[in-house]
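There are 2 protein chains.
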Amino acid sequence: MTPVAVTSPPTAQPLAALQALVGADMARVNALILERMQNEVALIPQLAGHIVASGGKRLRPMLTLASARLCGYGGRRHIELAACVEFIHTATLLHDDVVDESLLRRGTETANAVWGNQASVLVGDFLFSRSFQLMVDVGSLEVLGILANASATIAEGEVRQLATVSRPETGIADYLKVIEGKTAALFAAACRIGAVIADRPREEAEALDAYGMNLGMAFQLVDDVLDYSARQADLGKTVGDDFAEGKVTLPVILAFDRGNEEERAFWSRVLCEGGRRAEDFHRAVALLTRHDALGETLEWARSRAEDAKRELRAFPDGPARTVLADIADFCVDRVY
Amino acid sequence: MTPVAVTSPPTAQPLAALQALVGADMARVNALILERMQNEVALIPQLAGHIVASGGKRLRPMLTLASARLCGYGGRRHIELAACVEFIHTATLLHDDVVDESLLRRGTETANAVWGNQASVLVGDFLFSRSFQLMVDVGSLEVLGILANASATIAEGEVRQLATVSRPETGIADYLKVIEGKTAALFAAACRIGAVIADRPREEAEALDAYGMNLGMAFQLVDDVLDYSARQADLGKTVGDDFAEGKVTLPVILAFDRGNEEERAFWSRVLCEGGRRAEDFHRAVALLTRHDALGETLEWARSRAEDAKRELRAFPDGPARTVLADIADFCVDRVY
Numbered sequence: 001m002t003p004v005a006v007t008s009p010p011t012a013q014p015l016a017a018l019q020a021l022v023g024a025d026m027a028r029v030n031a032l033i034l035e036r037m038q039n040e041v042a043l044i045p046q047l048a049g050h051i052v053a054s055g056g057k058r059l060r061p062m063l064t065l066a067s068a069r070l071c072g073y074g075g076r077r078h079i080e081l082a083a084c085v086e087f088i089h090t091a092t093l094l095h096d097d098v099v100d101e102s103l104l105r106r107g108t109e110t111a112n113a114v115w116g117n118q119a120s121v122l123v124g125d126f127l128f129s130r131s132f133q134l135m136v137d138v139g140s141l142e143v144l145g146i147l148a149n150a151s152a153t154i155a156e157g158e159v160r161q162l163a164t165v166s167r168p169e170t171g172i173a174d175y176l177k178v179i180e181g182k183t184a185a186l187f188a189a190a191c192r193i194g195a196v197i198a199d200r201p202r203e204e205a206e207a208l209d210a211y212g213m214n215l216g217m218a219f220q221l222v223d224d225v226l227d228y229s230a231r232q233a234d235l236g237k238t239v240g241d242d243f244a245e246g247k248v249t250l251p252v253i254l255a256f257d258r259g260n261e262e263e264r265a266f267w268s269r270v271l272c273e274g275g276r277r278a279e280d281f282h283r284a285v286a287l288l289t290r291h292d293a294l295g296e297t298l299e300w301a302r303s304r305a306e307d308a309k310r311e312l313r314a315f316p317d318g319p320a321r322t323v324l325a326d327i328a329d330f331c332v333d334r335v336y
Numbered sequence: 001m002t003p004v005a006v007t008s009p010p011t012a013q014p015l016a017a018l019q020a021l022v023g024a025d026m027a028r029v030n031a032l033i034l035e036r037m038q039n040e041v042a043l044i045p046q047l048a049g050h051i052v053a054s055g056g057k058r059l060r061p062m063l064t065l066a067s068a069r070l071c072g073y074g075g076r077r078h079i080e081l082a083a084c085v086e087f088i089h090t091a092t093l094l095h096d097d098v099v100d101e102s103l104l105r106r107g108t109e110t111a112n113a114v115w116g117n118q119a120s121v122l123v124g125d126f127l128f129s130r131s132f133q134l135m136v137d138v139g140s141l142e143v144l145g146i147l148a149n150a151s152a153t154i155a156e157g158e159v160r161q162l163a164t165v166s167r168p169e170t171g172i173a174d175y176l177k178v179i180e181g182k183t184a185a186l187f188a189a190a191c192r193i194g195a196v197i198a199d200r201p202r203e204e205a206e207a208l209d210a211y212g213m214n215l216g217m218a219f220q221l222v223d224d225v226l227d228y229s230a231r232q233a234d235l236g237k238t239v240g241d242d243f244a245e246g247k248v249t250l251p252v253i254l255a256f257d258r259g260n261e262e263e264r265a266f267w268s269r270v271l272c273e274g275g276r277r278a279e280d281f282h283r284a285v286a287l288l289t290r291h292d293a294l295g296e297t298l299e300w301a302r303s304r305a306e307d308a309k310r311e312l313r314a315f316p317d318g319p320a321r322t323v324l325a326d327i328a329d330f331c332v333d334r335v336y
């Protein structure tokens, strides 16, 4: 044990570098988010403020800012668009928590736990509409198209996920489509619009789109590992949410696929019942470990992170490219 | 009793005239709606098809078509935009039913009753995103702005409504803001975009906006009357939904305002409890009748319908103007 342990874990350094790179812009994004979620209907800023403040890393809007920087963009539309990306993300979080019937998110009570499902659905709709209003202010039909497509793809991915709940026999291809929709599509769009507003050639927009898509896949794959991670539990984070909700993620698919008959029966039972008993969760982790399902999922994530980094070769070397490459590693190495 | 009684009630004639005026266009709108709600995720077209088929009058998209006609529009963008308007309306219906915990809509099981709240929230999000994708295809930033604003206003109105539930002491001004948001804003936008795509002067766009706004107010005021109407019950329609949900509408506000202490206590109790007992509902109707609250609400609606008709004077006489004027009367005289 060294005293260093009380500071950020070393894996968080790329995140700190990203925050440093776009910090000034991000302060303007945060101010804009606060400004645009105001409303005379008090419940809207209350509830929106709760979900916005409950934090998260603000990775998606930072990706828009860093991508714009990478493309040499010198205007101020990246500020508005980063706020749009965060509004869309926030709206989907509000709706997700209703869908998942979650009472906690990142250790804090969810909006639906505090204000009820009704308010969460409606304020989610409000933030989603706000995002499109902001995009109209920016005035780029191409950007509007990218984010409208991403929004439809997110909803599609979430519906697709519903159909896989409690079904450990879900195919890997189906799982990949779920996470591509529910997570990676917005990462891809967030990065792509940096090139679009900078008026860069289509190939660069596509390279940033592919970077974001691969990064988002890596991010979600790791999320799905962390839900079963003892390290997470040590850090005081919640684990077992996916398991309790019967969500079928890659670790489960791999362990189910490799399990014997009795193990498969276990997975089918607990994912249907909602595995809320501690002994079921411990058994699940033991099976995932026995079949190296968590390690292999991390390998999938690492491979996607490498794919992401490869897309950055199209861009000149410099601080933005370095930070974005390191963020790909961070998405795999992160412990939260 | 005459045999005529089995055909449409005479009050429905303006609706039939509107349907005749825009019938050919509406067939294209319906085909486009069906086409654009397709998706390889089967639950999306299943659930969207259920809500789209459960019908309703398709008043909002028909208003876009008729407004475009009134403005002499000769292109085909009104088809796409009418579909956009219907998608937004459908998305809000799906979310409303989740919010209201409704099990029946127009005598049919709601989507949330059949597929659950989760799917309803997510397919609502999908349809909402689809609407913006279609708008991007149309390519008018002005129209995108109008419909993004309307969507934000709808959500705002719905949240505002949440804050009035079970509170019969709600002021009339607050109630009017609720219905302006949740209903009239989309009517206004649906009409306005007819003038915008036809490239008519701002005054005409504003006249159509004001027509739609007043029409929507009249429509919702009448809806709020019909929820307590014996005639509705005779027709086999549901009544008492608002009452059971504790919704505070103008009839309730008027009766509460005019009631004695004992009557006020009654309203406060049943709206908080959720007035699900038949004798409570009968008592409510008796109080509304004693204070002429339904009749007076209808007068408010009639006044808004007259305001709506007045806005049409800016346009040349002709079949579209006649039909739109008659629709204003229909919205007041309708029995369903």
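Same order as they appear, the protein sequences are chains A and B.
Numbering of the first sequence is given in my numbering, commencing with residue 1 and proceeding in unit increments.
Numbering of the second sequence is given in my numbering, commencing with residue 1 and proceeding in unit increments.
Glycine included, C-beta positions come from ideal geometry on N, C-alpha and C.
Next item on the list: Taking A/Arg192 as the reference, give the member of A/Phe281, A/His78, A/Thr90 and A/Arg277 with the closest Cα.
Entry: For the purposes of this step, residue 192 of chain A is identified with residue 192 of the first sequence, where counting begins at 1. Looking at the Cα atoms, A/His78 is the closest of the given residues.
Notebook entry, point to check: Of the choices A/Lys57, A/Cys84 and A/Ala68, whose alpha-carbon is the least far from that of A/Leu34?
Noted result: Residue 34 of chain A sits at position 34 when you count from the first residue of the first sequence. Measuring C-alpha to C-alpha distances from A/Leu34 to each of A/Lys57, A/Cys84 and A/Ala68 identifies A/Cys84 as the nearest.
Next item on the list: Would you please verify whether the beta carbon of B/Val196 is less than 8 Å from any beta carbon of chain A?
Entry: Walking along the second sequence from the start, residue 196 of chain B turns up at place 196. Interface criterion not met: the Cβ of B/Val196 is under 8 Å from no Cβ in chain A.
Check: A/Cys71 to A/Ala198, Cα distance in whole Å?
Finding: As a position in the first sequence, residue 71 of chain A is number 71, starting the count at 1. As a position in the first sequence, residue 198 of chain A is number 198, starting the count at 1. If I take the Cα positions, the gap works out to 6 Å.
Next item on the list: With DSSP collapsed to three states, give me the class of B/Arg269.
Entry: Mapped onto the second sequence, residue 269 of chain B falls at position 269. Looking at B/Arg269 - three-state DSSP - the assignment turns out to be helix.
Next item on the list: Go to A/His50, then tell me how far its alpha helix (DSSP H) extends in each direction, as first and last residue.
Entry: As a first step, residue 50 of chain A must be located in the first sequence, where it is residue number 50. Start and end: Leu43 to Ala53.
Note to self: Is A/Ile327 close to chain B? Criterion is C-beta to C-beta, closer than 8 Å.
What the structure shows: In the first sequence, residue 327 of chain A corresponds to position 327, counting from 1. The C-beta of A/Ile327 comes no closer than 8 Å to any C-beta of chain B.
Check: A/Glu158 bridges to which residues according to DSSP?
Finding: For the purposes of this step, residue 158 of chain A is identified with residue 158 of the first sequence, where counting begins at 1. None; A/Glu158 has no bridge partner.
Item checked: Partners in chain A for B/Glu158, counting only beta-carbon separations shorter than 7 Å -> Here residue 158 of chain B is taken as the residue at index 158 of the second sequence, counted from 1. When 7 Å is used as the limit between beta carbons, B/Glu158 is near these residues of chain A: Leu122, in chain order.
Note to self: Quick test of your reading: A/Leu186 and A/Ala150, contact by CB under 8 Å. State the CB separation rounded to the nearest angstrom.
What the structure shows: Start at 1 with the first residue of the first sequence, and residue 186 of chain A comes out as number 186. Start at 1 with the first residue of the first sequence, and residue 150 of chain A comes out as number 150. Between A/Ala150 and A/Leu186 the Cβ distance is about 5 Å, and since that is below 8 Å, they are a contact.
Item checked: Backbone secondary structure at A/Glu261 - three-state DSSP -> The count along the first sequence starts at 1 and reaches residue 261 of chain A at position 261. Reduced to three states, the DSSP call for A/Glu261 is helix.
Checklist line | Within chain B, the residues that A/Phe187 reaches when beta carbons sit closer than 7 Å | finding: For the purposes of this step, residue 187 of chain A is taken as the residue at position 187 of the first sequence. Simply none; closest approach about 17 Å.
Note to self: Let me confirm a value: B/Pro316 is counted as buried when at least 16 other C-beta atoms fall within 10 Å, else exposed. Which label applies?
What the structure shows: Taking the second sequence and counting its residues from 1, the one referred to as residue 316 of chain B is at position 316. Flag for B/Pro316 reads exposed.
Next item on the list: Please check the pair A/Ala66 and A/Leu312, which I expect to be a contact at CB under 8 Å, by giving their CB distance rounded to whole angstroms.
Entry: To locate residue 66 of chain A, count along the first sequence from 1; it is residue 66. To locate residue 312 of chain A, count along the first sequence from 1; it is residue 312. Beta-carbon to beta-carbon, A/Ala66 and A/Leu312 are separated by about 11 Å, too far to satisfy the 8 Å threshold.
Check: What is the DSSP secondary structure of B/Thr108, reduced to helix, strand or coil?
Finding: Taking the first residue of the second sequence as 1, we reach residue 108 of chain B at position 108. When secondary structure is reduced to three states using DSSP, B/Thr108 falls in the strand class.
Check: Grouping DSSP H, G and I as helix and E and B as strand, with all else coil, what is A/Thr289?
Finding: As a first step, residue 289 of chain A is located in the first sequence; it is residue number 289 there, counting from the start. In the three-state reduction of the DSSP assignment, A/Thr289 falls in the helix class.
Item checked: Neighbour-count burial assignment, B/Gln118, 16 or more Cβ in a 10 Å radius -> Taking the first residue of the second sequence as 1, we reach residue 118 of chain B at position 118. Per the 10 Å Cβ criterion, buried.
Check: What residues from chain D crowd round B/Gly139, counting only those whose CB sits closer than 9 Å?
Finding: Among the protein chains in the structure shown, which are A and B, there is no chain D.
Check: Where B/Asp242 and B/Asp224 are concerned, what is the direct C-alpha to C-alpha distance, given to the nearest angstrom?
Finding: Translated into the one-based positions of the second sequence, residue 242 of chain B becomes position 242. Translated into the one-based positions of the second sequence, residue 224 of chain B becomes position 224. Computed Cα separation, rounded: 8 Å.
Notebook entry, point to check: Can you tell me whether A/His95 is buried or exposed, with buried defined as 16 or more other CB within 10 angstroms of its CB?
Noted result: Here residue 95 of chain A refers to the residue found at position 95 of the first sequence. Buried, by the Cβ-count rule.
Check: Do you know whose CA, among B/Ala207, B/Thr183 and B/His291, lies nearest B/Val222's CA?
Finding: Working through the second sequence from its first residue, we reach residue 222 of chain B at position 222. Selected option, being the one with the closest Cα: B/Thr183.
Notebook entry, point to check: Whose C-beta lies closer than 7 Å to the C-beta of A/Arg258 among residues of the same chain, with five residues either side of it excluded?
Noted result: As a position in the first sequence, residue 258 of chain A is number 258, starting the count at 1. The residues are His291.
Notebook entry, point to check: Around the C-beta of A/His282, are 16 or more other C-beta atoms found within 10 angstroms, so that it is buried, or is it exposed?
Noted result: Reading the first sequence from its first residue, position 282 is the one you call residue 282 of chain A. A/His282 should be labelled exposed.
Margin query: Quick check: the Cα distance between B/Gln46 and A/Asn112, rounded to an integer number of angstroms?
Written below: Taking the second sequence and counting its residues from 1, one reaches residue 46 of chain B at position 46. Taking the first sequence and counting its residues from 1, one reaches residue 112 of chain A at position 112. Each residue's alpha carbon lies about 27 Å from the other.
Next item on the list: For B/Ser328, collect the residues of the same chain with a Cβ closer than 6 Å to its Cβ; drop the 5 residues on either side in sequence, then sort them by chain order.
Entry: Taking the second sequence and counting its residues from 1, one reaches residue 328 of chain B at position 328. For clarity, residue 328 of chain B is Ala in the given sequence; the question names Ser instead. Result list for B/Ala328: Leu215, Ala305, Ala308 and Lys309, in chain order.
Margin query: Please state the DSSP three-state secondary structure of A/Cys71.
Written below: Reading the first sequence from its first residue, position 71 is the one you call residue 71 of chain A. When DSSP states are grouped into helix, strand and coil, A/Cys71 belongs to the coil group.
Note to self: Using a Cβ-Cβ cutoff of 7 Å, what residues of the stretch 27 to 45 of chain B are near chain A? List them in chain order.
What the structure shows: Listed by position, the residues of the stretch 27 to 45 of chain B near chain A (Cβ gap below 7 Å) are Asn39, Val41, Leu43 and Ile44.
Checklist line | A/Gly145 classed as buried or exposed, judged by whether at least 16 other C-beta atoms fall within 10 angstroms | finding: The count along the first sequence starts at 1 and reaches residue 145 of chain A at position 145. Label assigned to A/Gly145: buried.
Note to self: Taking a contact to mean a Cβ-Cβ separation below 8 Å, would you say A/Leu271 touches A/Val248 in this structure?
What the structure shows: One-based indexing of the first sequence puts residue 271 of chain A at position 271. One-based indexing of the first sequence puts residue 248 of chain A at position 248. Cβ atoms of A/Leu271 and A/Val248: closer than 8 Å.
Notebook entry, point to check: In terms of residue numbering, what span does the alpha helix (DSSP H) encompassing B/Lys177 cover?
Noted result: One-based indexing of the second sequence puts residue 177 of chain B at position 177. From DSSP, the alpha helix (DSSP H) with B/Lys177 extends over Ile172 to Ile179.
Next item on the list: State the DSSP-derived secondary structure class of B/Tyr228, mapped to helix, strand or coil.
Entry: Residue numbering aside, residue 228 of chain B sits at position 228 when the second sequence is read from its first letter. In the three-state reduction of the DSSP assignment, B/Tyr228 falls in the coil class, being assigned neither a helical nor a strand state.
Check: Closer than 8 Å, Cβ to any Cβ of chain A: which residues of the stretch 238 to 259 of chain B, in chain order?
Finding: Here the close residues number zero.
Note to self: Going by DSSP in three states, A/Ser140 sits in which element: helix, strand or coil?
What the structure shows: Here the question's residue 140 of chain A lines up with position 140 in the first sequence. Looking at A/Ser140 - three-state DSSP - the assignment turns out to be coil, as it is neither helix nor strand.
Notebook entry, point to check: Which residues in the same chain have their Cβ closer than 8 Å to the Cβ of B/Arg264, if we skip the five residues on either side of it in sequence?
Noted result: Along the second sequence, one-based indexing puts residue 264 of chain B at 264. Result list for B/Arg264: Pro168 and Phe256, in chain order.
Margin query: Rounding to the nearest angstrom, what Cα-Cα distance links A/Ala152 and A/Thr170 in this structure?
Written below: The residue given as residue 152 of chain A occupies position 152 in the first sequence. The residue given as residue 170 of chain A occupies position 170 in the first sequence. Across the structure, A/Ala152 and A/Thr170 are spaced so that their CA atoms are roughly 23 Å apart.
Item checked: Option nearest B/Phe266 by Cα separation, candidates B/Leu254, B/Arg200 and B/Leu287 -> Within the second sequence, residue 266 of chain B is the residue found at index 266, counting from 1. Taking only the C-alpha atoms, the option nearest B/Phe266 is B/Leu287.
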